[in-house]
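Engineer: Residues are numbered in my numbering as their position in the sequence shown, beginning at 1, plus a constant of 1412.
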Amino acid sequence: MASIASRSAEPPSFSASLASTRPTLVDSKQGDDPPTIRFTNVQDLFDTINCITEDFLAVTHVSPSHFTEIEREREKQRRKFRFRRYDSDRQILLITIPTDLHEALHLGLYMGYYTQLARSGRENSWRSIGTATRRAQHGHPRGDGGEGDSTGGPKLERGTKDAWPTLVIEAGVSESLNGLRNDMRWWFATSDHQVKIVLLAKFEHARRAIILEKWEEEATGTRSGAMMTRHAAAVQPVLQQINTITQDLTADPVSYNVTSGALVLEFRLLFLRDPGPGEGDFVLSVQQLEGYADDVWAVL
1413 MASIASRSAE PPSFSASLAS TRPTLVDSKQ GDDPPTIRFT NVQDLFDTIN CITEDFLAVT
1473 HVSPSHFTEI EREREKQRRK FRFRRYDSDR QILLITIPTD LHEALHLGLY MGYYTQLARS
1533 GRENSWRSIG TATRRAQHGH PRGDGGEGDS TGGPKLERGT KDAWPTLVIE AGVSESLNGL
1593 RNDMRWWFAT SDHQVKIVLL AKFEHARRAI ILEKWEEEAT GTRSGAMMTR HAAAVQPVLQ
1653 QINTITQDLT ADPVSYNVTS GALVLEFRLL FLRDPGPGEG DFVLSVQQLE GYADDVWAVL
């Protein structure tokens, strides 16, 4: 059986030594740090995934050939776990395990957006890409890539095979918020900035809270006198909105507190054009976010 390493707040560093020869799974409610194992073989990895109770697993020492074997066996056995990200240089594989709580975190947001899209009669202009694998833009023949939780983009511009989404939603329960932010940076950079909005949905057991972060990229410009690159200005991720949703157990029935108001998704970033007559930004109201939170808490 694959061995569980001591847990780290930042999975990609993986500096800890192995602690045992059998998995010792820690309840995610004890902290946000995900379990980490060292890869031995595919069957041991699958056995570990079978018994883990958390939604995230970091696997070290995964060579490109190992990753190819894992990918092939996942398809052959029709396993439902996702490859959050694979880094062939560092031989690290991050795995998402679709627990009820994990799926509620991202699907509730995506369906809230898609429902508005359908009501406006524009669902046929949108392509839901889902969890399809996306590979690094610039080569990386060894298979570097990732799979989002909920993704999509405009059908006209992003309707072809392997096209990058404009919207990515990533959820996390046992993955730390910093880990989710690393996922966000990966999507922007690896897509060569074709991804336009990344929504992060983090559930914190200790605070009994959902944290929603909306990230976009903005031009930063270049220093005065600095050498110009092929881009007139660099871009960097910017946190545009953060909502915290907490449960109020003192109310009867139970209610939810939402900070920062409605969650707004900009039309021009989703569809890569300015809105026309009758079109506009997509808004998830405070009431809708309260309903979303109720659905999330229902599966705890």
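Just so you know, even glycine gets a beta-carbon here, dropped at the ideal spot from N, CA and C.
Is any heavy atom of the ligand ADP found at a distance shorter than 8 Å from the C-beta of Val1708?
Structural biologist: The ligand ADP is absent from the structure shown, which contains no ligand whatsoever.
Engineer: What residue from Thr1632, Val1474 and Gln1700 has the CA that sits closest to Phe1495's CA?
Structural biologist: Ranking Thr1632, Val1474 and Gln1700 by Cα distance to Phe1495 puts Val1474 first.
Engineer: Just grab the DSSP bridge partners of Leu1611 for me.
Structural biologist: Bridge partners of Leu1611: Ile1581 and Lys1626.
Engineer: Compute the beta-carbon to beta-carbon distance between Ala1575 and Gly1560, rounded to the nearest angstrom, for a pair I have assumed lies under 8 Å.
Structural biologist: About 13 Å; that fails the 8 Å criterion.
Engineer: Cutting at 6 Å between CB atoms, please list the residues of its own chain near Gly1443, excluding the five before and the five after it.
Structural biologist: In this prediction, Gly1443 has a pLDDT of 47, which is less than 50 and means its spatial position is unreliable; nothing more can be read from the coordinates.
Engineer: Would you tell me roughly how many angstroms separate the C-alpha atoms of Val1711 and Tyr1522, rounded to the nearest one?
Structural biologist: Val1711 and Tyr1522: Cα-Cα distance of roughly 17 Å.
Engineer: How should Thr1511 be labelled, buried or exposed, when 16 other C-beta atoms within 10 angstroms of its C-beta is the threshold for buried?
Structural biologist: Burial call: buried.
Engineer: Output the distance between the C-alpha atoms of Val1585 and Leu1505, rounded to the nearest integer angstrom.
Structural biologist: Between Val1585 and Leu1505, the C-alpha separation is close to 18 Å.
Engineer: Can you have a look at Asn1655 and say buried or exposed, based on whether 16 or more other CB atoms are within 10 angstroms of its CB?
Structural biologist: With 16 or more other Cβ atoms within 10 Å, it is buried.
Engineer: Between which residues of its own chain and Glu1702 is the CB-CB distance below 8 Å, once the five residues before and five after are set aside?
Structural biologist: Only Ile1657, Ser1667, Tyr1668 and Val1670 meet the Cβ criterion.
Engineer: Could you compute how far the alpha carbon of Arg1539 sits from the alpha carbon of Ser1477?
Structural biologist: Spanning the two alpha carbons is a distance of roughly 32 Å.
Engineer: Could you name the residues of the same chain whose beta carbon sits closer than 6 Å to that of Gly1520, not counting the 5 residues immediately before and after it, in chain order?
Structural biologist: If we look at Gly1520 and ignore the five residues flanking it on each side, its Cβ neighbours are Tyr1704 and Asp1707.
Engineer: Look at the alpha carbon of Gly1692 and the alpha carbon of Leu1661, and state the distance between them as a whole number of angstroms.
Structural biologist: When rounded, the distance between both Cα atoms is 36 Å.
Engineer: Enumerated in chain order, which unbroken segments of the beta strand (DSSP E) with a length of 3 residues or greater are wholly contained in the stretch 1541-1575?
Structural biologist: If we require 3 residues or more, the beta strand (DSSP E) runs fully inside the stretch 1541-1575 come out as 1545-1547, 1557-1559 and 1562-1566.
Engineer: Counting only the same chain and skipping the five closest in sequence on each side, list residues whose C-beta sits under 7 Å from that of Glu1485.
Structural biologist: Excluding residues within five positions, the ones whose Cβ falls inside 7 Å are Val1454.
Engineer: Tell me the rounded alpha-carbon separation between Ile1609 and Arg1450.
Structural biologist: Each residue's alpha carbon lies about 33 Å from the other.
Engineer: Residue range of the alpha helix (DSSP H) that Leu1682 falls in?
Structural biologist: Unbroken alpha helix (DSSP H) run through Leu1682: Phe1679 to Phe1683.
Engineer: Could you say which of Phe1479, Gln1489 and Gly1690 lies nearest to Asp1501 if we only look at CA atoms?
Structural biologist: Among Phe1479, Gln1489 and Gly1690, the Cα nearest to that of Asp1501 belongs to Phe1479.
Engineer: With H, G and I counted as helix, E and B as strand and the rest as coil, what does DSSP make of Ser1500?
Structural biologist: Ser1500: coil per DSSP, three-state reduction.
Engineer: What three-state label does DSSP hand Val1698 in the structure shown?
Structural biologist: DSSP places Val1698 in helix when its eight states are reduced to three.
Engineer: Can you pull the DSSP bridge partners for Leu1505?
Structural biologist: Paired residues: Val1471 and Tyr1498.
Engineer: With respect to the beta strand (DSSP E) encompassing Asp1660, which residues constitute its N-terminal and C-terminal limits?
Structural biologist: Asp1660 -> beta strand (DSSP E) spans Val1647 to Asp1660.
Engineer: With DSSP run on the structure shown, which of helix, strand or coil describes Val1711?
Structural biologist: It is coil, neither helix nor strand.
Engineer: Applying the 10 Å Cβ sphere with the 16-neighbour rule, what's the burial state of Pro1689?
Structural biologist: The residue in question, Pro1689, is exposed, as its Cβ has fewer than 16 Cβ neighbours within 10 Å.
Engineer: Going by DSSP in three states, Ala1631 sits in which element: helix, strand or coil?
Structural biologist: It is a strand residue.
Engineer: Identify the continuous alpha helix (DSSP H) that holds Ile1461 and give its terminal residues.
Structural biologist: Val1454 to Cys1463 is the extent of the alpha helix (DSSP H) around Ile1461.
Engineer: Taking Phe1694 and Gln1528 to be in contact with their CB atoms under 8 Å, please state how far apart those CB atoms are, rounded to whole angstroms.
Structural biologist: At roughly 5 Å, the Cβ-Cβ gap stays under 8 Å, so Phe1694 and Gln1528 are in contact.
Engineer: What does Ala1621 pair with, by DSSP beta-bridge criteria?
Structural biologist: Looking at the DSSP assignment, Ala1621 forms a beta bridge with Glu1616 and Thr1658.
Engineer: Rounded to whole angstroms, what's the CA-CA distance from Thr1472 to Trp1599? Just pull it up for me.
Structural biologist: Distance between the alpha carbons of Thr1472 and Trp1599: 21 Å.
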